[in-house]
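Under UniProt numbering, the residue at position 30 of the sequence shown is numbered 30, and the numbers go up by one with no gaps. For glycine and all other residues, C-beta sits at the position ideal for the given N, C-alpha and C.
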Amino acid sequence: MARRTWSSRFCPTARRVTTRRSKKGTYERFGVAEYWLVEPEYRLVDQFVLTEGEYRLVKTWTVEDEIVSSAVPCLAVNLAEVFRRTV
Numbered sequence: 001m002a003r004r005t006w007s008s009r010f011c012p013t014a015r016r017v018t019t020r021r022s023k024k025g026t027y028e029r030f031g032v033a034e035y036w037l038v039e040p041e042y043r044l045v046d047q048f049v050l051t052e053g054e055y056r057l058v059k060t061w062t063v064e065d066e067i068v069s070s071a072v073p074c075l076a077v078n079l080a081e082v083f084r085r086t087v
């Protein structure tokens with residue numbers, strides 16, 4: 001089975017802490033190189049990158065930003081477009 005390089009999850013406010021903990025552990029265990037945690041209510045995206053087997057928060061992005069994935073360099077996401085459709 002191929003290893004996943006990148007993942008994103010929308011995180012409802014009510015399940016924010018649970019989602020952050022459960023996905024972090026699962027993705028670390030399976031070696032997912034990068035994941036984004038999207039919080040539509042706050043119009044924020046946390047970008048986590050796997051470094052030496054553990055995730056570190058690279059940056060928290062806002063609606064004005066365009067994220068470029070470190071794991072998939074051809075993937076760029078304009079957050080204004082994302083949040084215009086989700087909020």
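task: May I ask you to report which of helix, strand or coil DSSP gives A2?
output: For A2, the predicted structure reports a pLDDT of 46, less than 50, and the residue's modelled location is therefore unreliable. The matter cannot be settled from this model.
task: Below 6 angstroms CB to CB, which residues in the same chain sit around I67 once its five sequence neighbours on both sides are set aside?
output: W61, V77
task: Give the DSSP-derived three-state secondary structure of E81 in the structure shown.
output: helix
field: Span of the beta strand (DSSP E) around E34
entry: 34 to 39
task: Counting only the same chain and skipping the five closest in sequence on each side, list residues whose C-beta sits under 8 angstroms from that of V58.
output: Q47, F48, V49, S70
Among K24, F30, E41, nearest to residue 91 - alpha-carbon criterion: Here the chain covers residues 1 to 87 and nothing more, so residue 91 does not appear.
query: Going by Cα to Cα distance, which pick from R43, V38, R56 is closest to G25?
result: R56
- request: Using the Cα positions of L79 and L37, report the straight-line distance between them to the nearest angstrom.
  value: 13 angstroms
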